[in-house]
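Encoded as structure tokens, the structure appears first; notes follow it.
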């Protein structure tokens, strides 16, 4: 009995340690997930991937009619369709990353329960899939910007275009971070899923997607504009629109604060996700 060997089986790492090297080793699996998302998203559809372009165009037309023609919220001089499309594209990218990230555990519970792989592969693949859709939509948007830049003197792309890649990455990371937090909570409380889509819709209306931030600045309430810009998505959308169209303003201070908030959100999201993934299968 004294010579018996006892083997202890335990987790390879603590919940607060994230193995990025292991995730990198599974990069082929991530791309397979991306391919799966593309295939399943447009399977048995008449127009297929054309919906990637049609969806933002339709929603932009609706915004143009309701908020531009009827409510007249877009700034003077900028083509209304272009104004709303600039905010709509970036917001659609953010909400797509958030929505897919928030459903990570529930939508992949069968796969997670059968085979081991780093669970972060799933939200990362969702981000890549959303980014591919965004790039396709951007081709149309950039074409419109180039056309109006030559035909409308009010459309003035500027040097801040150099910061657009950082804004796009920040948008994806922020959406993923919020999505991971929501996904970790909804493994035990399913009814919170009902609030996600509703909350995202409300979030859009406190972000300068369908109206310029100058409307808030000109409201006459001194504390309202700083509170409005405390929304981490607001400086991104406002700066993104300013870089492409030259309308509005680029608030560097608020954008830097937004970057700091994004870093904190994604760090917290990764830690919570890493903790929940170890025993989520018992509750999902």
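Numbering (the numbering used here), first residue to last: 56 to 339. The C-beta atom is built at its ideal place from N, Cα and C for all residues, glycine as well. Note that the structure is predicted; figures quoted are calculated from it, not measured.
Distance between residue j and residue i (C-alpha atoms, nearest Å)
i: residue 321; j: residue 134; result: 35 Å
i: residue 305; j: residue 278; result: 19 Å
i: residue 236; j: residue 331; result: 10 Å
i: residue 167; j: residue 160; result: 8 Å
i: residue 325; j: residue 131; result: 43 Å
i: residue 94; j: residue 208; result: 42 Å
i: residue 147; j: residue 212; result: 22 Å
i: residue 222; j: residue 214; result: 14 Å
i: residue 92; j: residue 80; result: 20 Å
i: residue 311; j: residue 296; result: 17 Å
i: residue 144; j: residue 192; result: 7 Å
i: residue 318; j: residue 220; result: 16 Å
i: residue 384; j: residue 251; result: Any question about residue 384 goes unanswered here, given that the chain covers just 56 to 339.
i: residue 323; j: residue 273; result: 35 Å
i: residue 337; j: residue 240; result: Low confidence applies here, because residue 337 scores a pLDDT of 49, under 50, leaving its location unreliable; read the following figure in that light. Roughly 14 Å separates the two Cα atoms.
i: residue 139; j: residue 118; result: 7 Å
i: residue 105; j: residue 97; result: 9 Å
i: residue 150; j: residue 227; result: 9 Å
i: residue 188; j: residue 109; result: 11 Å
i: residue 254; j: residue 261; result: 11 Å
i: residue 120; j: residue 136; result: 9 Å
i: residue 190; j: residue 281; result: 31 Å
i: residue 116; j: residue 291; result: 22 Å
Local Cβ density within 10 Å of residue i, reported as buried at 16 or more and exposed below that
i: residue 242; result: buried
i: residue 315; result: exposed
i: residue 198; result: exposed
i: residue 10; result: This structure gives no information on residue 10, because the portion of the chain shown stretches from 56 to 339.
i: residue 174; result: buried
i: residue 158; result: buried
Residue range of the alpha helix (DSSP H) that includes residue i
i: residue 328; result: 307–331
i: residue 204; result: 176–206
i: residue 146; result: 135–157
i: residue 211; result: Premise fails: residue 211 is in no alpha helix (DSSP H) and is neither H nor E.
i: residue 232; result: 219–241
i: residue 121; result: That residue, residue 121, is in no alpha helix (DSSP H); it is neither H nor E in DSSP.
i: residue 88; result: 82–96
i: residue 269; result: 269–272
i: residue 285; result: Run containing residue 285: none; DSSP gives neither H nor E here.
Cutoff 9 Å: residue i Cβ touching any chain B Cβ
i: residue 310; result: Here chain B cannot be found, since the structure has a single protein chain.
message: Check whether the stretch 190–207 and the stretch 259–278 touch, using three or more Cβ-Cβ pairs below 8 Å as the test.
response: no
- request: Inspect the CB distances between the stretch 78–94 and the stretch 169–188 and report whether three or more fall short of 8 Å.
  value: yes
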